[in-house]
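Those protein sequence lines, which keep their order, are chains A and B. Start counting the first sequence at 2; every next residue gets the next number (this note's numbering). Start counting the second sequence at 2; every next residue gets the next number (this note's numbering). What follows is a short report on a single structure.
Protein chains: 2
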Amino acid sequence: MADVRGGDLSRLRQLNSLTAIRALRKAGPLTLSALAERAGLSRPSMKEVTDELMRLGWVEEVPPSQGTMGRPARRYRFRADSGHLVGVDIGGHNIRAALSDLDGEILAETRQPVRPDAPLEERLAAIERAVAGCLALSRTTVADVWMISVGTIGVIDVAGRVIYSAAVPAWRDLDLAGELRRMFPWQVLIENDSRLAAMAEARRGVARGARDVVFLHVGRRMGAGLIIGGKVHRGFGAASGEIVMLPEARWFNAPEHLHTCASVPAGTPPEDAAGYTLAAARNGDPVAIEAVERYVEDLAVGTAAMVLILDPQMVVLGGGFSRSADVLLEPLRERLEARCMRMPEMRASTLGDECVVVGAIDYAVNHLDDQLFTTDNGPLPLTR
Amino acid sequence: MADVRGGDLSRLRQLNSLTAIRALRKAGPLTLSALAERAGLSRPSMKEVTDELMRLGWVEEVPPSQGTMGRPARRYRFRADSGHLVGVDIGGHNIRAALSDLDGEILAETRQPVRPDAPLEERLAAIERAVAGCLALSRTTVADVWMISVGTIGVIDVAGRVIYSAAVPAWRDLDLAGELRRMFPWQVLIENDSRLAAMAEARRGVARGARDVVFLHVGRRMGAGLIIGGKVHRGFGAASGEIVMLPEARWFNAPEHLHTCASVPAGTPPEDAAGYTLAAARNGDPVAIEAVERYVEDLAVGTAAMVLILDPQMVVLGGGFSRSADVLLEPLRERLEARCMRMPEMRASTLGDECVVVGAIDYAVNHLDDQLFTTDNGPLPLTR
DNA sequence: TTGACTTACGAAGGAGCGCTTCATTAGTAG
DNA sequence: CTACTAATGAAGCGCTCCTTCGTAAGTCAA
Numbered sequence: 002m003a004d005v006r007g008g009d010l011s012r013l014r015q016l017n018s019l020t021a022i023r024a025l026r027k028a029g030p031l032t033l034s035a036l037a038e039r040a041g042l043s044r045p046s047m048k049e050v051t052d053e054l055m056r057l058g059w060v061e062e063v064p065p066s067q068g069t070m071g072r073p074a075r076r077y078r079f080r081a082d083s084g085h086l087v088g089v090d091i092g093g094h095n096i097r098a099a100l101s102d103l104d105g106e107i108l109a110e111t112r113q114p115v116r117p118d119a120p121l122e123e124r125l126a127a128i129e130r131a132v133a134g135c136l137a138l139s140r141t142t143v144a145d146v147w148m149i150s151v152g153t154i155g156v157i158d159v160a161g162r163v164i165y166s167a168a169v170p171a172w173r174d175l176d177l178a179g180e181l182r183r184m185f186p187w188q189v190l191i192e193n194d195s196r197l198a199a200m201a202e203a204r205r206g207v208a209r210g211a212r213d214v215v216f217l218h219v220g221r222r223m224g225a226g227l228i229i230g231g232k233v234h235r236g237f238g239a240a241s242g243e244i245v246m247l248p249e250a251r252w253f254n255a256p257e258h259l260h261t262c263a264s265v266p267a268g269t270p271p272e273d274a275a276g277y278t279l280a281a282a283r284n285g286d287p288v289a290i291e292a293v294e295r296y297v298e299d300l301a302v303g304t305a306a307m308v309l310i311l312d313p314q315m316v317v318l319g320g321g322f323s324r325s326a327d328v329l330l331e332p333l334r335e336r337l338e339a340r341c342m343r344m345p346e347m348r349a350s351t352l353g354d355e356c357v358v359v360g361a362i363d364y365a366v367n368h369l370d371d372q373l374f375t376t377d378n379g380p381l382p383l384t385r
Numbered sequence: 002m003a004d005v006r007g008g009d010l011s012r013l014r015q016l017n018s019l020t021a022i023r024a025l026r027k028a029g030p031l032t033l034s035a036l037a038e039r040a041g042l043s044r045p046s047m048k049e050v051t052d053e054l055m056r057l058g059w060v061e062e063v064p065p066s067q068g069t070m071g072r073p074a075r076r077y078r079f080r081a082d083s084g085h086l087v088g089v090d091i092g093g094h095n096i097r098a099a100l101s102d103l104d105g106e107i108l109a110e111t112r113q114p115v116r117p118d119a120p121l122e123e124r125l126a127a128i129e130r131a132v133a134g135c136l137a138l139s140r141t142t143v144a145d146v147w148m149i150s151v152g153t154i155g156v157i158d159v160a161g162r163v164i165y166s167a168a169v170p171a172w173r174d175l176d177l178a179g180e181l182r183r184m185f186p187w188q189v190l191i192e193n194d195s196r197l198a199a200m201a202e203a204r205r206g207v208a209r210g211a212r213d214v215v216f217l218h219v220g221r222r223m224g225a226g227l228i229i230g231g232k233v234h235r236g237f238g239a240a241s242g243e244i245v246m247l248p249e250a251r252w253f254n255a256p257e258h259l260h261t262c263a264s265v266p267a268g269t270p271p272e273d274a275a276g277y278t279l280a281a282a283r284n285g286d287p288v289a290i291e292a293v294e295r296y297v298e299d300l301a302v303g304t305a306a307m308v309l310i311l312d313p314q315m316v317v318l319g320g321g322f323s324r325s326a327d328v329l330l331e332p333l334r335e336r337l338e339a340r341c342m343r344m345p346e347m348r349a350s351t352l353g354d355e356c357v358v359v360g361a362i363d364y365a366v367n368h369l370d371d372q373l374f375t376t377d378n379g380p381l382p383l384t385r
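Okay, here's the thing in structure tokens:
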């Protein structure tokens, strides 16, 4: 409804160009006839459209497919390499970066370890190194990149300023968007990491195709990301998904059950304790099993709140502990069934550690699509 | 993004027609020049567009405004009366109906009392009487109406079947949409009453203009309605907003604090007890004040869950008890401030008892707008 | 009442975009 | 080598919007 606007003939051409681009992005290389049919245009018209798109660098010809009847048809494909996107995951211990083409196809990935208590400069330098590494790996220059999309823990306000970050002390009150704009001459997007992970699941993970998704980040810290109507739901102050802050939802202290389980041998480093408990539960250790049960019991309360409030199509279990989804998913389902009106589908994430970087890329692709296909902004967003 | 599609010249005209309609709906009667400017068209083109719209019955001329410089300009207005919408609120004790024009301007309203335990036939007959009354009052015929939009308590599935309704026994498992289609030859919409009330607040009430709104239905029964991105959020199985089902959210039994307050004289009918307590608290009765405090304490938990999860722009306090918002709103705000990361604006509903009927109308208008302005469906949705 | 000024109207001519049609071309199948 | 298939490219048409310009219908001031 927002993007109905009138205009002259050139607008029609713009619309048809975008339709063509979209069809090519979705369905790979297409012949002129196929493209024309999909877009509802005649072939001669579509020819002009593709000619223009080729001139502008959005589309290129590929060799015709062989072995077909009749004269071989030209085929066109979207030039996903006419621009590039960078995704970054700023975690406590690691900074991951990835570079992708405009389709979100990942072309290079790097990782830079960083101490959680590293001062600001060190952390920013690590980001710069990670991104530079990606560019070098894929032989891409700064000018080839259009957008950088960053995910980080904590609450980031609408302007890209870090409001709150329990895990990374140096991060608090930082104008992250400003820093990034200083470092890179690209459009800057910033989002909370749980929301980006949710995005990744909804676009290429186990929740592909679902419009309303609740993503549970279960790990040493708890978090949640919401996809509503196929889009990241940030909330008015970019503070959505913070159910962990509500004591009655019992998320905040839930991981304690796993960390302090009596089965864990003394001297286990704290970051390994939960993993140990989960493994022990898998192997039948009754003490560990009980700890996991208490954990899931708490986890279920906050999760039920989200399910009851939103009635999502799917709940995805992600985050560090989701490697133990075999021990967690079934008990969680049982407890939710007792609490919820309508049970959503429940699945475990399969994307692993790259899930936030990948989500950052997907978020950028989504953003780009909006810019391209929301016909409001600007004349026509085609470049050379 | 979903509604970018190519097309020929007629599509451009369609786009421009819709733009004109939208401008006229939003900004009242406009001259040709004003209209052309808003739509970004030249005057001659806009003239043709309006000519066509007048031929089709969507638009009509009004007398030119006087006292202006230069030759008086023709003015056009959207003919909101070229179609009508019916809204119905099926409550436990009352059935309300309203008839509006396409702008949602209410032209007639009726109310039919009905016993909560009335059998199905009686209830359906009351609906029919209420609607017929509206038509008679406004001298509208069945053929003038396009759509009926119904709000009712309980959970209604996506197909319009009542899944669950604690308050109205006869309602359970009813194919309400089917019944309504049998009764009226109109397009049928069904929604939960809390969601419709939320819609009313977001379109014409205290939350006007807000995109993300949490509406609290506080009364003898508790409920919630969500507006996300300016639209009613139903959830995948139309079961959103049911936080009352979660014991830990402490909504379900919250009204008990008001009903069983020691200040209430013996013999007070149960439906008046809460009102009595709230009034007593307003007058400074310490026992009642304490009961209200306990009530708000519980109310705040479920509300905080919604605010933390969604981070809405605004929370609206509605439902029967919202008449006592002066006693409730401030304490609720205090408790939320202690729990939430970012405080949403908080307001009390002002729409009163008609809020659900009005919301039903607004929902229908919204739906109509979607049909009109989502350029996908059908050729061009213009009628005579 | 008249003349200057302002603003809208309506008709004419032109440009851009998409459509249909048809002869031509480049393959495969027998 | 011929028949068949399917895409190509050019020509001509119609629709929608644009610009331009002379005309019409008001207000304002003398």
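Backbone N, C-alpha and C fix where the C-beta goes; we use that ideal spot for every residue, glycine too.
Around the C-beta of Glu-123(A), fewer than 16 other C-beta atoms lie within 10 Å, and the residue is accordingly described as exposed. When the five nearest sequence neighbours on each side are left out, the beta carbons in the same chain lying within less than 8 Å of the beta carbon of Ser-264(A) are those of Tyr-277, Thr-278, Ala-281, Asp-286, Val-288, Ala-289 and Ala-292, in order along the chain.
Pairing Arg-251(B) with Leu-300(B), the inter-Cα distance amounts to about 7 Å. Taking 4 residues as the minimum length, the alpha helix (DSSP H) runs contained wholly in the stretch 149-186 of chain A are 177-184, in order along the chain. Secondary structure in the stretch 282-323 of chain A: the alpha helix (DSSP H) runs of 4 residues or longer, each lying completely within the stretch, are 287-311 in chain order. Contact of Asn-17(B) with chain A is assigned, a C-beta pair being separated by under 9 Å. Against chain A, the beta carbon of Arg-112(B) has no neighbour under 7 Å; the closest one sits roughly 30 Å away.
Excluding sequence positions up to five before and after Ala-208(A), its CB lies within less than 6 Å of the CB of Glu-202, Val-214, Met-315 and Val-317, all in the same chain and listed in chain order. Nearest CB-CB separation between Cys-341(A) and chain B: below the 9 Å threshold. Contact annotation: in the stretch 244-265 of chain B, residues whose CB is within less than 9 Å of a CB in chain A are Ile-244, Val-245, Met-246, Leu-247, Pro-248, Glu-249, Ala-250 and Arg-251. Look at the stretch 183-194 of chain A: it has no residue with a C-beta under 8 Å from a C-beta of chain B. For the stretch 298-330 of chain A, the set of positions with a beta-carbon nearer than 7 Å to some beta-carbon of chain B reads Val-302, Ala-305, Ala-306, Met-307, Leu-309, Ile-310, Leu-311, Asp-312, Pro-313 and Gln-314 in chain order. Distances from the CA of Phe-237(A) to each of Ile-310(B), Asp-194(B) and Gly-226(B) were compared; the closest alpha carbon is that of Ile-310(B). With respect to chain B, the C-beta atom of Ile-91(A) has no partner C-beta closer than 9 Å. The contact set of Ile-229(B) on chain A, defined by CB atoms closer than 8 Å, consists of Ile-229, Gly-230 and His-234 in chain order. By the criterion of a C-beta distance shorter than 7 Å, Ala-40(B) is surrounded in its chain by Asn-17, Thr-20, Ala-21, Ala-24 and Met-47, once the five residues flanking it on both sides are discounted. Leaving aside the five residues that flank Arg-182(A) on each side, the residues in its chain whose CB is nearer than 8 Å to its CB run, in chain order, Val-189. Chain B places no beta carbon closer than 9 Å to that of Val-219(A), leaving this residue out of the contacts. Chain order gives the chain A residues near Asp-213(B) as Gly-236 and Phe-237, where near means a beta carbon separation below 8 Å. For Leu-369(B), the closest C-alpha among the options Ser-11(B), Glu-61(B), Val-87(B) and Met-246(B) is that of Val-87(B). The stretch 131-145 of chain A and the stretch 103-120 of chain A touch, with no fewer than 3 CB-CB distances between them shorter than 8 Å. Contact between the stretch 141-148 of chain A and the stretch 90-99 of chain A is absent: fewer than three C-beta pairs spanning the two stretches fall below 8 Å.
Three or more beta-carbon pairs separated by less than 8 Å link the stretch 359-367 of chain B to the stretch 102-111 of chain B, which places the two stretches in contact. CA-to-CA, the gap between Glu-38(B) and Leu-100(B) works out to about 34 Å. Look at Ser-195(B) here: in three-state DSSP terms it is helix.
Residue contact with chain A for Val-156(B): present (Cβ-Cβ distance below 9 Å to some residue of chain A). Secondary structure note for Ser-18(B): it is in no beta strand (DSSP E), and the uninterrupted alpha helix (DSSP H) holding it is 10-28. Residue range 44-57 is occupied by the alpha helix (DSSP H) that includes Thr-51(B).
Residue-level contact check: Arg-209(A) does not touch chain B, since none of the beta carbons of chain B fall below 9 Å from its beta carbon. Ala-349(A) has its alpha-carbon roughly 7 Å from the corresponding atom of Leu-330(A). Secondary structure note for Glu-123(A): its alpha helix (DSSP H) is the uninterrupted segment 121-138. Between Ile-228(B) and Ala-211(B), the C-beta spacing is below 9 Å. Not a single C-beta of chain B is nearer than 9 Å to the C-beta of Leu-108(A). Ala-306(B) and Leu-247(A) do touch by the CB rule: their CB atoms are close to 6 Å apart, below 8 Å. Using a CB distance cut-off of 9 Å, Gly-206(A) does not count as an interface residue toward chain B. The three-state secondary structure of Gln-67(B), taken from DSSP, is coil.
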